[in-house]
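Protein chains in written order, with the working numbering: chain A, 1 to 156; chain B, 1 to 121.
Quick reminder that beta carbons are idealized off the backbone N, C-alpha and C, glycines included.
To start, the structure itself, in structure tokens.
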Amino acid sequence: MRLPIATVAAVCVVGLAGCKAAPPSKMESKTIIFAKHHFFVGNKKQKNPLPYTHENWEDGKEAFSHYCVACHGMDGQNTGVPFIDHVSPPIPSLASEDVQSYTDGQLKWILDNGIRPSGMPGSKGILSDDELWSIVVFLRHLPPAGSQGVPDMYTH
Amino acid sequence: MKTKFMLQVLCVGMIAAGVFSTRTVRAQDSPKRIEVTAKRFTYEPADITVKKGEPVVLVIKSADVAHGLRFRELDLNAKIDKGGTAELKFTPDKTGDFVGHCSVFCGSGHGEMTLTLHVVN
Chain A
1 MRLPIATVAA VCVVGLAGCK AAPPSKMESK TIIFAKHHFF VGNKKQKNPL PYTHENWEDG
61 KEAFSHYCVA CHGMDGQNTG VPFIDHVSPP IPSLASEDVQ SYTDGQLKWI LDNGIRPSGM
121 PGSKGILSDD ELWSIVVFLR HLPPAGSQGV PDMYTH
Chain B
1 MKTKFMLQVL CVGMIAAGVF STRTVRAQDS PKRIEVTAKR FTYEPADITV KKGEPVVLVI
61 KSADVAHGLR FRELDLNAKI DKGGTAELKF TPDKTGDFVG HCSVFCGSGH GEMTLTLHVV
121 N
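Shown next as structure tokens:
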């Protein structure tokens with residue numbers, strides 16, 4: 001059986017529209033956030049072996065600056081990221097309730113493995129365990145929004 | 001006569017003490033030097049065994065980009081410029097296996113660039 005050309009074209013148009021980076025609906029966002037927190041992101045109980053100290057925070061800030069800043073900004077709150085309003089699913093502020101309500105172990109799990117299909121990459125092997133835990137320390141004590149300027153890569 | 005003998009004994013004793021003390025100082029002043037090459041994403045050698053209480057100098061040479069070597073538990077950190085050399089001087093004061101990591105981001109395998117230091121009695 002041959003499909004009419006109009007039907008094939010309609011399917012293609014719907015498919016392409018589906019690829020567009022449009023913001024997800026509220027229902028979609030709520031469902032995904034719930035599923036991530038309760039089913040998909042593991043390691044809920046692991047504790048951060050690094051206590052909060054200024055040195056560990058500085059280590060975390062430095063490790064974060066290697067490439068996390070490309071999407072999250074220097075402050076973890078998307079400051080200066082030029083495409084921030086054009087990504088779907090959107091890149092959350094790391095100071096948001098959505099992110100801060102993860103346990104330390106879950107944050108480490110996300111840093112290790114990334115989150116599909118958000119575009120968040122896993123960093124296991126790229127950064128050491130030490131560095132990843134220090135990033136968790138940094139995430140728990142983010143600097144005020146806008147206080148760290150714009151990532152270098154977006155200033156020239 | 002007796003006084004002369006005593007003086008001779010004293011002189012010999014002082015000379016001997018001087019010689020031995022010099023040797024002691026020399027032993028303390030010459031730490032064991034171990035050469036390490038750092039390159040993406042390994043150290044060569046990747047395992048080093050040293051003795052507790054024995055001064056050590058790790059002479060770390062970068063064969064490519066900038067690297068570092070940090071032992072968090074030993075509070076040691078060295079940064080090596082691209083193609084350069086750095087020295088990490090220390091005297092291990094506890095036994096065990098300590099894993100050092102590259103402390104200067106050097107690329108996709110940076111997180112797995114480690115050197116294990118075995119400190120034995």
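**Request:** Determine the direct distance from the alpha carbon of A/Leu139 to that of B/Thr24, and round the result to whole angstroms.
**Result:** Here the model assigns B/Thr24 a pLDDT of 47, short of 50, so the residue's position is not dependable, and the following value carries that caveat. Answer to the nearest angstrom: the Cα atoms are 51 Å apart.
**Item:** Interface positions of the segment 60-82 of chain A facing chain B (Cβ-Cβ less than 7 Å), listed along the chain
**Value:** Within the segment 60-82 of chain A, the qualifying residues are His66.
**Status (buried if at least 16 other CB within 10 Å, exposed otherwise) for A/Cys164** = In the structure displayed, chain A extends from 1 to 156; residue 164 of chain A sits before or after that span and is not available.
**Request:** Note down, in chain order, all residues in the segment 116-148 of chain A with a beta-carbon under 9 Å from any beta-carbon belonging to chain B.
**Result:** Of all residues in the segment 116-148 of chain A, the ones placed with a Cβ closer than 9 Å to any Cβ belonging to chain B are Ser123, Lys124, Gly125, Ile126, Leu127, Ser128, Asp129, Asp130, Glu131, Leu132, in chain order.
**Prompt:** Can you list the residues of chain A that B/Arg72 reaches, using a CB-CB cut of under 8 Å?
**Reply:** The answer, in chain order, is Asp130.
**Item:** Where the alpha helix (DSSP H) through B/Gly109 begins and ends
**Value:** Segment: none, B/Gly109 is in no alpha helix (DSSP H) and carries neither H nor E.
**Asked** Is the beta carbon of B/Thr95 less than 8 Å from the beta carbon of B/Glu54?
**Response** Their beta carbons are not under 8 Å apart, which means B/Thr95 does not touch B/Glu54 by this criterion.
**Asked** For B/Ala78, does the three-state DSSP call read helix, strand or coil?
**Response** The DSSP-derived three-state label of B/Ala78 is strand.
**Message:** I need the DSSP call for A/Glu131, collapsed to helix, strand or coil.
**Reply:** DSSP places A/Glu131 in the helix class (H, G or I) of the three-state scheme.
**Message:** When you measure from the CB of A/Gln77 to every non-hydrogen atom of the ligand ATP, does any distance come out below 7 Å?
**Reply:** What this structure holds is no ligand at all, so the ligand ATP is not there to describe.
**Request:** Within 10 angstroms of the Cβ of B/Gln8, are there 16 or more other Cβ atoms? Answer buried if so, exposed if not.
**Result:** By the neighbour-count criterion, in which 16 or more other beta carbons inside 10 Å mark a residue as buried, B/Gln8 falls on the exposed side.
**Message:** Report the CB separation of B/Thr37 from B/Ala63 in whole angstroms; it is logged as a contact under 8 Å.
**Reply:** The pair is a contact, with the Cβ atoms about 5 Å apart (cut-off 8 Å).
**Message:** A/Leu127 and A/Ala35 - do their beta-carbons sit closer together than 8 Å?
**Reply:** Between A/Ala35 and A/Leu127, the CB-CB gap reaches or exceeds 8 Å.
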